[in-house]
Amino acid sequence: MRAESPEQDRPYVLQFSCENKPGIVASVTTTLAQLGCDITDGQQFDDRLSGRFFARLSFKPVRTDLGEDGYDTGLAPVLRSLDAEWSVRSASRLRRVLVLASKSDHCLVDLLYRHRIGELPMELAGVVSNHPRESFAELGDVPFHHLPVTAQTKPEQERAILDLVDRERIDLVVLARYMQILSDELATALEGRCINIHHSFLPGFKGAKPYHQAYERGVKLIGATAHYVTADLDEGPIIAQDVEPVSHRDTPDDLVAKGRDIERRVLAEAVLAHLEDRVMLRGSTTVVFTR
1092 MRAESPEQDR PYVLQFSCEN KPGIVASVTT TLAQLGCDIT DGQQFDDRLS
1142 GRFFARLSFK PVRTDLGEDG YDTGLAPVLR SLDAEWSVRS ASRLRRVLVL
1192 ASKSDHCLVD LLYRHRIGEL PMELAGVVSN HPRESFAELG DVPFHHLPVT
1242 AQTKPEQERA ILDLVDRERI DLVVLARYMQ ILSDELATAL EGRCINIHHS
1292 FLPGFKGAKP YHQAYERGVK LIGATAHYVT ADLDEGPIIA QDVEPVSHRD
1342 TPDDLVAKGR DIERRVLAEA VLAHLEDRVM LRGSTTVVFT R
């Protein structure tokens, strides 16, 4: 059995944003030093358009371990003096994740694989689908919840999803090509903790068979976008995007295959960024720090 690493080896992450002014970094880092912390990584962004300052600091205990609550309390005076919004989290406390999927399971399977090999540091609390478990071959022992939905049962089904989120203490919901439009009520309830993936043709190619529509228009780039879900359909703050070149030689099936691949990559990138506390909301957009 592998011995657990000592608490001093487990990093904490501080995220905060405030109105930009001189001395922010000095005051916060001085406080961390006084709390007996070694700063292992620091990234910051001065948004000159809005006048807001965004920062992410990773640190480890040196002299003492206060835990999340202790560090939050210890940092509160300086952060309140900056009128900041902030959070402190230990990397040893994995976020609990619930994945929603439909018949198209390429994103789901990719997330399961990355989780299994340790690329996604999370607790996979379960999978929800509007299709039965028999539709999926790669679930293993992951808890599965079949919640079918019709126009008549949609409110009841969404209440069941929210009950599951509350009961299982879910930190993040991932829509892995979940082909149901969330109601405004559910989208609002999950705001800031629900990530969706879609093809980047929106809003240019709405509706069914977007890759076929793109083929008919002779596009030269296809792509995918991962974003936080809001009540405005497919218009939430973007976390990650990528594109893939295509040519006149590619058939609609080629575009579909390339689309599946890029959707997998972009969704995994967005989920990982959220799990590592590298994403900060900035109104209708995001600040995404690098690894």
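Position one of the sequence shown corresponds to residue 1092 (my numbering), numbered consecutively onward.
Glycine is no exception: its CB is placed at the ideal position from the N, C-alpha and C atoms.
Length of the line joining the Cα atoms of residue i and residue j
| i | j | result |
| --- | --- | --- |
| N1221 | E1282 | 21 Å |
| D1132 | Q1106 | 12 Å |
| Q1304 | L1273 | 24 Å |
| S1108 | S1149 | 15 Å |
| K1245 | T1279 | 16 Å |
| T1316 | I1353 | 9 Å |
| A1331 | H1290 | 12 Å |
| K1349 | P1328 | 24 Å |
| R1355 | D1201 | 6 Å |
| E1367 | A1361 | 10 Å |
| P1343 | A1364 | 31 Å |
| R1154 | I1208 | 33 Å |
| S1118 | L1312 | 46 Å |
| N1111 | T1122 | 18 Å |
| L1203 | Q1271 | 21 Å |
| T1241 | P1102 | 45 Å |
| R1250 | D1275 | 13 Å |
| A1124 | F1235 | 45 Å |
| D1129 | K1151 | 5 Å |
| D1341 | R1351 | 15 Å |
| G1127 | A1167 | 16 Å |
| G1295 | L1157 | 51 Å |
| M1213 | P1223 | 24 Å |
Beta-carbon separation (whole angstroms), residue i vs residue j, contact threshold 8 Å
| i | j | result |
| --- | --- | --- |
| E1210 | V1179 | With 8 Å as the limit, E1210 and V1179 do not qualify as a contact, their Cβ atoms being about 24 Å apart. |
| R1139 | V1104 | 25 Å between Cβ atoms; not a contact. |
| I1115 | L1173 | 6 Å |
| V1188 | V1265 | 6 Å |
| G1314 | V1334 | 4 Å |
| L1238 | Q1248 | 5 Å |
| F1144 | Q1135 | 7 Å |
Residue i CB to nearest heavy atom of the ligand MG below 7 Å
| i | result |
| --- | --- |
| R1224 | The ligand MG is absent from the structure shown, which contains no ligands of any kind. |
Identity of the residues DSSP links to residue i by a beta bridge
| i | result |
| --- | --- |
| A1078 | For residue 1078 there is no data in the structure shown, the boundaries of the chain being 1092 and 1382. |
| L1312 | P1336 |
| T1043 | With the chain covering only 1092 through 1382, there is no way to say anything about residue 1043. |
| F1235 | V1218 |
| I1106 | A small fix is needed here, since residue 1106 is Gln in this sequence, not Ile. Note: Q1106 sits in a beta bridge opposite R1147 and S1178. |
| H1197 | For H1197, which the question treats as bridged, DSSP gives no partner whatsoever. |
| L1189 | G1217 and V1264 |
| D1132 | S1149 |
| H1290 | A1315 |
Three-state secondary structure assigned by DSSP to residue i
| i | result |
| --- | --- |
| H1303 | helix |
| Q1125 | helix |
| Q1243 | coil |
| N1111 | coil |
| I1208 | coil |
| T1342 | coil |
| D1156 | coil |
| D1138 | strand |
| A1278 | helix |
| M1092 | Note that M1092 has pLDDT 36, beneath the 50 cutoff, so the model's placement of it is unreliable and the number below is only indicative. Coil. |
Neighbour flag for residue i against chain D, beta carbons, 8 Å
| i | result |
| --- | --- |
| S1274 | The structure shown has no chain D; it contains just one protein chain. |
message: Does the structure place the segment 1144-1164 close enough to the segment 1192-1212 that three or more beta carbon pairs sit under 8 Å?
response: The segment 1192-1212 is not in contact with the segment 1144-1164.
Check: If you pair each beta-carbon of the segment 1239-1259 with each one of the segment 1316-1328, do three or more pairs fall below 8 Å?
Finding: As far as the Cβ criterion goes, the segment 1239-1259 does not touch the segment 1316-1328, which means the pair count is below three.
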